[in-house]
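The listed protein sequences derive, respectively, from chains A and B.
Under our numbering, read the first sequence as residues 3 to 586, first letter to last.
Under our numbering, read the second sequence as residues 131 to 230, first letter to last.
Heads up, the beta-carbon is just placed ideally off N, CA and C, and yes, glycines get one too.
First comes the structure, then the notes that go with it.
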Amino acid sequence: MPSFMQEYNSSVAPALPQLPKALTGIEGLDEITDGGLPLGRPTLICGSAGCGKTLMGIEFLVRGIQEYNEPGVLMAFEETGEELAANVASLGFDLKALQDSKMLRLDHVHVDRSEIEETGEYDLEGLFIRLGYAIDSIGAKRVVLDTIEALFSGFPNQAVLRSEIRRLFRWLKDKGVTTVITAERGDGTLTRQGLEEYVSDCVILLDNRVIDQITTRRLRIVKYRGSTHGTNEYPYLITEDGISVLPVTSLRLDHQVSNNIMSSGVPALDDMFGMGGFYQGSSVLITGTAGTAKTTLAASFAEKTCVQGQRCLFFAFEESPQQLLRNMKSVSVDLKSHVDAGLLRIEASRPTINGLEQHLVTLHRLVKEFKPDAVIIDPITNLITVGNIAEVRSMLTRLIDFLKVSGITAYFTALVSGRGQQQEMTDEGVSSLVDTWISVRDLEGIGERNRGLSILKSRGMAHSNQVREFLVTDRGVELLEVVVGPTGIVTGASRLTQQLQEHAQTLAAQQEADRRDRELERRRRVLEANIANLRTEFESVEEELRQINSHEQTRQQTLASGNQRIAAANPPRRNAPTDGENDR
Amino acid sequence: MAEENDEETWELRLYVAGQTPKSVTALANLKKHCEQHLKGRYKIEVIDLLVNPQLAEGDQILAIPTLVRKVPEPIRKIIGDLSNEERVLVGLDVRPLIKK
Chain A
3 MPSFMQEYNS SVAPALPQLP KALTGIEGLD EITDGGLPLG RPTLICGSAG
53 CGKTLMGIEF LVRGIQEYNE PGVLMAFEET GEELAANVAS LGFDLKALQD
103 SKMLRLDHVH VDRSEIEETG EYDLEGLFIR LGYAIDSIGA KRVVLDTIEA
153 LFSGFPNQAV LRSEIRRLFR WLKDKGVTTV ITAERGDGTL TRQGLEEYVS
203 DCVILLDNRV IDQITTRRLR IVKYRGSTHG TNEYPYLITE DGISVLPVTS
253 LRLDHQVSNN IMSSGVPALD DMFGMGGFYQ GSSVLITGTA GTAKTTLAAS
303 FAEKTCVQGQ RCLFFAFEES PQQLLRNMKS VSVDLKSHVD AGLLRIEASR
353 PTINGLEQHL VTLHRLVKEF KPDAVIIDPI TNLITVGNIA EVRSMLTRLI
403 DFLKVSGITA YFTALVSGRG QQQEMTDEGV SSLVDTWISV RDLEGIGERN
453 RGLSILKSRG MAHSNQVREF LVTDRGVELL EVVVGPTGIV TGASRLTQQL
503 QEHAQTLAAQ QEADRRDREL ERRRRVLEAN IANLRTEFES VEEELRQINS
553 HEQTRQQTLA SGNQRIAAAN PPRRNAPTDG ENDR
Chain B
131 MAEENDEETW ELRLYVAGQT PKSVTALANL KKHCEQHLKG RYKIEVIDLL
181 VNPQLAEGDQ ILAIPTLVRK VPEPIRKIIG DLSNEERVLV GLDVRPLIKK
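Now the structure itself:
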């Protein structure tokens with residue numbers, strides 16, 4: 003996963019023709035210069051005393067030899083070869099060995115005004131010859147002139163000197179060697195002697211600033227003819243491995259994304275997220291006031307990550323590893339076994355031990371070394387003690403960028419101060435940078451405090467809008483079911499009261515329902531009885547009717563048969579059997 | 131008169147880079163000054179750095195031409211074409227002989 007980390011910069015420059023460049027091999031510098039220093043041209047590095055100009059020059063040579071197999075010449079005007087070798091030995095640069103293997107040539111130029119008398123015309127051909135000889139003898143591709151300005155103190159004739167220096171740079175260009183010239187920072191100008199006039203291809207300014215008793219070194223590319231470059235001030239550090247520039251703010255937001263989900267370590271919390279956790283490689287921020295179990299949540303996440311066989315790097319700025327292990331064990335978050343298994347690494351230090359940049363570098367180094375899947379920083383707010391808000395913010399931006407680009411899930415906790423409207427603001431203002439933001443806070447009610455957790459945002463997935471009360475129990479973090487009272491969610495003791503009340507209400511309702519059921523049954527039975535009565539009544543009426551009918555029929559029949567009999571007794575007259583006569 | 135100086139042989143070394151006008155002038159001037167003030171007590175060695183560039187480092191040569199006084203100690207250097215006689219003598223710490 004972190005494999006594309008190194009390559010991300012290579013994609014910055016597409017197919018356009020590029021100025022040929024020489025990689026410096028200095029960590030980070032090649033990224034902000036977009037591929038190194040101009041090949042075969044001089045580069046000026048200027049800065050005040052103690053900036054690491056000489057070191058940068060030497061590292062340029064040593065890395066050139068070690069990584070790119072390009073021999074180099076160091077022409078030192080201030081320090082002797084022995085002094086330089088001793089100075090950089092602590093960085094693991096063995097100048098003596100490099101000299102012996104004919105990859106490096108060190109030439110100390112000693113200029114002493116008191117030894118030199120000047121009569122008439124001269125030029126600096128001797129310097130050219132020495133340099134030329136040094137370059138040719140080992141086939142050097144890189145040259146460092148360490149503080150060439152020392153010449154100005156040795157030769158009184160400025161006019162000659164300046165024209166000779168101009169000629170020297172021209173000559174170096176013609177020789178095709180990539181040159182680094184260091185120069186002391188002047189008052190109001192880049193260099194004391196105005197060397198920037200002569201070196202017009204690339205100028206790098208180093209700066210050493212003390213703000214609030216903390217020193218930060220910064221590097222800026224003042225100009226780089228014919229090439230794009232980072233224009234910001236980049237902090238850099240002199241570490242035990244040499245110079246490290248931090249160009250971490252990636253210029254484009256084009257990192258790879260993952261659809262994998264990482265669990266938060268608290269099952270109920272996972273359920274609050276539509277996808278059941280955080281996206282891998284996303285950044286998670288937990289903010290909360292003091293004592294809202296931010297660290298516990300972080301530790302749960304760490305444990306879960308390790309349980310799944312992934313690696314986790316835990317930066318603790320408040321507790322020592324032992325304390326953290328013990329405390330987390332009490333809530334049944336077992337980190338010890340993962341530490342032993344090598345899946346979890348806890349780096350504890352006071353933030354004040356280093357400047358911000360040093361922290362960033364440590365983090366970078368450890369991430370590269372340990373290759374974690376998740377990084378936890380607990381809490382980021384403590385960094386504020388070593389820098390102002392703007393600096394911390396920029397550092398965190400770079401950090402988040404770096405972790406994102408590396409596909410590492412970042413998990414930060416932040417302490418928010420005070421109550422009220424500030425609750426949802428982090429001091430560092432990083433909340434806009436993170437993908438998932440969980441807020442934990444005190445819900446202070448009737449004489450007690452309870453912890454509530456809510457998701458303020460979660461990019462790219464649905465999430466619960468509820469404020470959930472949670473408990474830190476000896477089984478870990480537990481989210482409680484939501485109980486909503488008349489005035490919103492209720493917590494703690496009110497939650498119990500509410501639950502009791504609800505229970506009583508249910509009971510009463512049940513009884514009421516039962517009563518209604520019985521009443522209904524009674525009425526049904528009454529009605530049924532009524533129906534039976536009516537039916538009986540109906541039957542008797544029907545019976546009666548039927549009887550009346552049959553009487554009537556009998557009567558009719560009797561009447562008819564009577565008539566027939568009468569007719570038979572009085573037969574009609576012959577020959578005039580008419581009806582009319584019958585009636586008469 | 132500094133007698134101890136008289137006993138010594140002055141070893142002078144002139145660094146040049148090819149036969150440039152400056153180098154030629156310097157050598158001519160040097161010979162002239164030496165003949166005048168150090169007659170019989172000097173040795174001049176001319177080193178052409180174009181031929182022997184590795185020698186430049188030893189005497190810390192930057193400017194051309196450079197005259198180095200190896201003996202007597204301490205080493206002194208004079209740069210330029212040596213056209214200013216007075217400054218050459220001061221530089222070499224030679225006392226002019228002509229007076230008196």
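Original post:
Does DSSP classify H112(A) as helix, strand or coil?
Top reply: Here H112(A) sits in coil by DSSP.
Original post:
Is the segment 40 to 52 of chain A in contact with the segment 100 to 120 of chain A, if contact means three or more CB pairs nearer than 8 Å?
Top reply: The segment 100 to 120 of chain A and the segment 40 to 52 of chain A do not touch, with fewer than three beta-carbon pairs separated by less than 8 Å.
Original post:
Which one or two residues does DSSP pair with L347(A) in a beta bridge?
Top reply: The question names Leu, but residue 347(A) is Arg in the sequence shown. Paired residue(s): L315(A).
Original post:
Applying a beta-carbon distance threshold of less than 7 Å, which residues of chain A neighbour P202(B)?
Top reply: Neighbours of P202(B) on chain A: none; closest Cβ ~15 Å, over 7 Å.
Original post:
Would you report the Cα separation of I491(A) and L445(A), rounded to the nearest angstrom?
Top reply: The straight-line gap from Cα to Cα measures roughly 10 Å.
**OP:** Quick one: list the residues of chain A neighbouring I208(B), beta-carbon separation under 8 Å, in chain order.
**Re:** Neighbours of I208(B) on chain A, chain order: I118, E119, E120 and T121.
Original post:
What residues of chain B sit near L126(A), judged by a beta carbon separation below 8 Å?
Top reply: The CB of L126(A) comes closer than 8 Å to the CB of L192, A193 and I194 in chain B, given here in chain order.
**OP:** Report yes if the CB atom of E203(B) is closer than 8 Å to the CB atom of H163(B), and no otherwise.
**Re:** Their beta carbons are not under 8 Å apart, which means E203(B) does not touch H163(B) by this criterion.
Original post:
When the distance is taken between beta carbons, is E29(A) closer than 8 Å to V286(A)?
Top reply: Not closer than 8 Å, so no.
Original post:
Taking Cβ positions only, does G134(A) come closer than 8 Å to chain B?
Top reply: Taking Cβ atoms only, chain B reaches closer than 8 Å to G134(A), which makes this a yes.
Original post:
Quick one: any contact between the segment 190 to 197 of chain B and the segment 91 to 104 of chain A, if contact means 3 or more CB pairs under 8 Å?
Top reply: Result no; under three Cβ-Cβ pairs closer than 8 Å.
Subject >> Range of the contiguous beta strand (DSSP E) that encloses A412(A) >> reply: Taken as a continuous stretch (DSSP letters only), the beta strand (DSSP E) holding A412(A) covers T411 to L417.
Original post:
Which runs of the beta strand (DSSP E) spanning at least 3 residues fall entirely within the segment 469 to 498 of chain A, listed in chain order?
Top reply: Whole beta strand (DSSP E) segments, 3+ residues: 470 to 475 and 478 to 481.
Subject >> Under 8 Å between C-beta atoms of F316(A) and H366(A) >> reply: No, Cβ-Cβ distance for F316(A) and H366(A) is not below 8 Å.
Original post:
Beta-carbon of L179(B) versus every beta-carbon of chain A: anything under 8 Å?
Top reply: Output row for L179(B): interface = yes.
**OP:** From the DSSP output, in three-state form, read off V146(B) for me.
**Re:** Strand.
Original post:
Going along chain A, which residues have a C-beta under 9 Å from G188(B)?
Top reply: For G188(B), there are no neighbours in chain A by C-beta distance under 9 Å, as the nearest C-beta there is about 10 Å away.
**OP:** Give a single yes or no on whether V224(A) has its beta carbon closer than 7 Å to a heavy atom of the ligand NAP.
**Re:** Looking for the ligand NAP in the displayed structure turns up nothing, as the structure carries no ligands at all.
**OP:** Just grab the DSSP bridge partners of V146(A) for me.
**Re:** The partner list for V146(A) (beta bridge, DSSP) reads L76(A) and V182(A).
Original post:
Counting Cβ pairs closer than 8 Å, one from the segment 468 to 488 of chain A and one from the segment 264 to 282 of chain A, do we hit at least three?
Top reply: Yes, the segment 468 to 488 of chain A is in contact with the segment 264 to 282 of chain A.
**OP:** Report the rounded CA-to-CA distance for S542(A) versus G564(A), giving the unit in angstroms.
**Re:** Answer to the nearest angstrom: the Cα atoms are 33 Å apart.
Original post:
Using a beta-carbon distance below 8 Å, is K173(B) in contact with chain A?
Top reply: No, because no Cβ of chain A sits closer than 8 Å to the Cβ of K173(B).
**OP:** Pair every Cβ in the segment 284 to 303 of chain A with every Cβ in the segment 432 to 447 of chain A, then say whether three or more of these pairs are closer than 8 Å.
**Re:** Taking 8 Å as the limit for Cβ pairs, the verdict is that the segment 432 to 447 of chain A does touch the segment 284 to 303 of chain A.
**OP:** Determine whether the Cβ of A158(B) lies closer than 8 Å to any Cβ atom of chain A.
**Re:** It does not; no Cβ of chain A falls within 8 Å.
Original post:
V113(A) versus chain B: which residues are under 8 Å apart at the beta carbon?
Top reply: By Cβ distance, chain B contributes Q190 and L192.
Subject >> Beta-carbon gap between D336(A) and E371(A) smaller than 8 Å >> reply: Using a Cβ distance threshold of 8 Å, D336(A) and E371(A) do not count as a contacting pair.
**OP:** Going by CA-CA distance only, name the one from P323(A), I167(A), Y236(A) and V394(A) that's closest to H340(A).
**Re:** Nearest C-alpha to H340(A): P323(A).
Original post:
Would you say K249(B) reaches chain A, if we count a Cβ-Cβ gap shorter than 8 Å as a contact?
Top reply: Residue 249(B) cannot be examined here, being either before or after the span of chain B that is shown, 131 to 230.
Subject >> Nearest candidate by alpha-carbon position, reference S460(A), set E80(A), R453(A), R520(A) and S266(A) >> reply: Residue S266(A) holds the alpha-carbon nearest to the alpha-carbon of S460(A) among E80(A), R453(A), R520(A) and S266(A).
Original post:
Quick one, which of L192(A), G293(A) and A570(A) has its alpha-carbon nearest D209(A)'s?
Top reply: Ranked by Cα distance from D209(A), the first of L192(A), G293(A) and A570(A) is L192(A).
Subject >> Same chain only: Cβ atoms within 6 Å of V90(A), ignoring 5 sequence neighbours per side >> reply: Correct list, in chain order: I60.
**OP:** Please decide whether L21(A) counts as near chain B, where near means a Cβ-Cβ distance under 8 Å.
**Re:** For L21(A), the nearest beta carbon of chain B is not closer than 8 Å to its own beta carbon.
Original post:
Helix or strand or just coil, what does DSSP make of H366(A)?
Top reply: Note: H366(A) maps to helix in three-state DSSP.
Original post:
Taking Cβ positions only, does I183(A) come closer than 8 Å to chain B?
Top reply: Under the Cβ distance rule, I183(A) does not count among the residues neighbouring chain B, no pair being separated by less than 8 Å.
**OP:** Taking G454(A) as part of the beta strand (DSSP E), name the residues at either end of that continuous run.
**Re:** Run containing G454(A): R451 to S460, per the beta strand (DSSP E) assignment.
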